[in-house]
Structure formats: structure tokens, C-alpha cells
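Chains as they are written, first to last, in UniProt numbering: chain A, 1 to 241; chain B, 1 to 241.
All C-beta atoms in this analysis are idealised placements derived from N, C-alpha and C, irrespective of residue type, glycine included.
Just so it is clear, the structure is predicted and the values come from calculations on it, not from any experiment.
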DNA sequence: GAGTGGTCTAGACCACCAC
DNA sequence: TGGTGGTCTAGACCACTCC
């Protein structure tokens, strides 16, 4: 049974949401200050802030400390396509990537992910995609250093790289999880701490069983889906259990 | 730059979290009332409730209106495996399913999902898996009625069914999304409204291009991952772009 | 420095649950 | 009916941003 919840904060959120979706409040526009909104709706500031928190969780409003609440630009919803290592991936049309690479040595979570000994040299590529100037997604990609180009590369340079592996690619395993962002992720992606993210851990394995790439991908839930396609060619259709 | 956030609610949440993970507070146990906890930490009730809200979002604490805050039983983390229609799926060992089936006719979101005309007869199977007595996941499965058993079946009966399709299965497409639960989902799954869920939309297509099954799956983020495996057999290794 | 949001207080009153 | 959580008020004081 669904209980109707006619709380003050819900009706305020509904009203603001209607104004945003109807276009009376335009993307990028600043809302009146919380004090003014509270006065307008004749509620206390905590109640008004609760209403705004709902809209932040939906990705409709962005709060910037010290300057105000802003209507978010509606995000293009992009689709992450499963089954491909980074080298075969380019960000969809309107997005641009910022890439930073660095050297490091494998430690605790990475050792199990890449199945390497602690201290193994790795190359990390940190990649943030942007739509206009606002962040869209966050990727951390780890490659055994002997497979990475000797100079820390731009991601574009990597595109040609994974195809030159000593052994060909055999398998890609992806684990998708839904969770709230860490404090760090929320600030880099400039999203509310209550906006859920899709976290994908991807591992690419070559025919020798070696992990040639591991990737930790984070997509804010309001702007990305992940698509996975499984084909059953006639000769290898699995039996029923 | 990451800013340290040493707020009162964070330190309280940290303290309670430590007590839970260390086992001083045991699963199923009721926490002291919010008033008592507030007195113990010498904070106001809203502040204490904020601390509890953090733990709810992590799935560590379950709040039951009128009776108290309880330490959740730690959930077994299950793994949803992609690429399979319902008929090939059985819930992992400790879980049991409650199944309800009903007839209905296709309407707005289902018509596009199943690619059928409005009013097409469908069979809906609503499936809730449980671990002990607490809900674990929620599935809604839609099948064209001529492919479903004439009597509304238990899901177990369906297992043999999809293998008897007029045309063999050709493709499974799965879209994964991260979001907060709807009010309805939060109450049926007995989770906090701030615990993110993994929502998977799965469509199975046979060799004639017909959609033989569509499924809407909801997994609370604290207790399920989804795993997708893509194999590249030697003869069909895709080229680099 | 003026204006904004971030956090917190110390209550009030209502809704739900178990006895 | 008594205890619990749910919602809300009307402030206070601090931290951040921008001029």
C-alpha cells in the first residue's frame, strides 16, 4: 500500500519542479536565496532546504556554497556500452575528456583487481569527461606499465594501443553497482551527495589470462545508463538448466 | 581538493558505524531511542537524526516508525548475472522467491519495451526474493500471453518455458541504471529512501526479432552487483575503431 | 563586507506501534 | 496509553563566494 505523503517539503519541491520543467526557471538561472524562498512559502529555512535536497537528489538543482542554488542544465543522457576496453571507446559526441596520467605501483585493491603482486608498476589514467564546462563522468584506468606507452599518454593515444597487445583480448568482465557517491566523487563531479551513481568495474583479460586493463568508472545516475548486449549465435546457444 | 568535514553528525555516524561493524551492536538489535542517543552525544534530535540518515543510506540501519532504529542483518551480497532470461535464472542459494502472476494488456511504457501494439495481452510475473523474511529484490517480468503457460504459473514453472519458444533466442539487451528508489519500491523492499538501487531493464529477443520477454529488475545497492561477461572468441574479435 | 549556504539548537506537535 | 519516530519552527553562529 502506498501512503500519500503530503508534507510541506514535498509540495514545495513539487512546485519548484513544475516551474523548472515548465521552463519558468531556466537552466543556469539562480533560484532566489533560501531565506527568500522560505519567506515566500512561509516555512522555516530547514524545511525549505529539505525541499531543495529532494531536487538535488533528482539532479534538477545544483547548490553552490556561498553563491546560491542553480537550475541544472538538463543533461544529455548518455549510454555506456559494455564489453569494450577503453582503447575502443571514445566519449559520445558533445562530451570532451580531460586526461591525466601518472605512474604508480600496485597496492591493496588494485592487486586483486589486476591479479598482480604488490608493487607491480602500473600506469593510471584519470579521465574526466565534460559536457560544456560541467563534469559528466569519472574514470580511473589501470594498465600494467609494460603494456602502456613509455611516455604518459593522452587517452587518444591509448586508442591504438590495446590492439597491439602481445596476446589478443579474450574477455571483458564488468561489474555494475549502484551506490551514493563518495565525498570526493561528489565534489569532482559537482553532484549532490544524494544523487546515486552507477559504478562499473571493468577488467579486460587477454588469451593468456593476463589482466591487461582494469577500469573504475563512475557515472552520475541522472545522466548515464549502461547497455550490455549478449548475442546467442545459433551454434552456441546455451542449454536450459 | 578534498575538504575534511568534521561535522557533529559525521562523528556520531562514525562512532555508531564502528560499534556496528565491531559487533558491539548486533544485527536485529534496537538502538537506544533517538532522544536517548541525542542526550548521550549531547546534540539536538535533528542532528542525531542526520547521523542516523547517513547510516540508513549505507544500509547499516533500518528505521521503523513508532518502534525504533535497528541494526540491519548484514546482507549477503548477491551477483546478478547478465545475458540470461528469467527462465534460465534461479535465485542464489539462501534466497526464496514470492511470485504473483496476473494478466494485463500492454500500455504505455510496456508497448515500446516489448514492441507490441497497445492492448496486446501480456502476462505479468511479479517476483520478490527474500532472505529469511526480509525482502531482497524486486522483479516485474512481462511475457506476450501466447508465450506464457495458459495457467498463471509459478516462476519455477516458467523455467522450462522459454526454451520451448517458436523461434530460438537470439539476443538479450540489458540496460543498467542507478537511481534512488520510488516510494513504492522503498516500502516493498523495506529500504531507506536514500539507499540507491540498481535498476536493470532486460529484453530478450528471438531470431525473428520478436521480444519474448521484458523484465524490470530492482536491486538495493547494498546487496547486489550485476556481472556482465563479454567473450571474444578468436574468429570474431572486433577491430579497433 | 554583504550575501549566500552549512550546521546546529531546543523545543513543539503529529503519526505510528505495541501493550 | 506511552514511547517511538516524522515533521516543522525560529532562531543562532560559522564558512564560503564575490565584490
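| Check | Outcome |
| --- | --- |
| Contacting positions in the region 212 to 236 of chain B - beta carbon closer than 9 angstroms to chain A | 219, 220, 221, 222, 224, 225, 226, 227, 228, 229, 230, 231, 232, 233, 234 and 236 |
| Pairwise C-alpha distance: residue 55 (chain A) and residue 224 (chain B) | 26 angstroms |
| Residue span of the alpha helix (DSSP H) that contains residue 10 (chain B), given as start and end | 8 to 22 |
| As assigned by DSSP and simplified to three states, the class of residue 215 (chain B) | strand |
| Contact set between the region 189 to 209 of chain A and chain B, restricted to residues whose Cβ is under 7 angstroms from the partner | 194, 196, 197 and 198 |
| Bridge-paired residues (DSSP) for residue 40 (chain A) | According to DSSP, which records beta bridges pairwise, residue 40 (chain A) is partnered with nothing at all. |
| Chain B contact residues for residue 172 (chain A), given Cβ-Cβ distances below 7 angstroms | 230 |
| Helix, strand or coil at residue 115 (chain A) [DSSP, three-state] | coil |
| Residues of its chain near residue 98 (chain A), where Cβ-Cβ distance is below 6 angstroms and the 5 sequence neighbours each way are ignored | 128 |
| Outcome for residue 206 (chain A) when other beta-carbon atoms lying within 10 angstroms are tallied against a minimum of 16 | buried |
| Contacts around residue 186 (chain A), its chain only, beta-carbon distance under 6 angstroms, and the 5 residues preceding and following it disregarded | 193 |
| Residue span of the alpha helix (DSSP H) that contains residue 187 (chain B), given as start and end | 183 to 188 |
| Alpha carbon of residue 240 (chain B) to alpha carbon of residue 204 (chain A), nearest angstrom | Summary for residue 240 (chain B): the model assigns pLDDT 41, below 50, so the residue's position carries little reliability; its value from the coordinates is reported in the next sentence. Whole-angstrom Cα-Cα distance: 15 angstroms. |
| The region 210 to 217 of chain B in contact with the region 135 to 145 of chain B per 3-pair CB rule at 8 angstroms | yes |
| Residue 22 (chain A): CB within 7 angstroms of a non-hydrogen atom of the ligand MN | The ligand MN is absent from the structure shown, which contains no ligand whatsoever. |
| Cα-Cα separation, residue 135 (chain B) to residue 109 (chain B) | 26 angstroms |
| 8 angstroms contact criterion, which residue 82 (chain B) and residue 230 (chain A) should meet: CB distance rounded | 7 angstroms |
| Cβ-based neighbour list, residue 181 (chain B), same chain, cut-off 6 angstroms, excluding 5 preceding and 5 following | 197 |
| Range covered by the alpha helix (DSSP H) that runs through residue 57 (chain B) | 45 to 57 |
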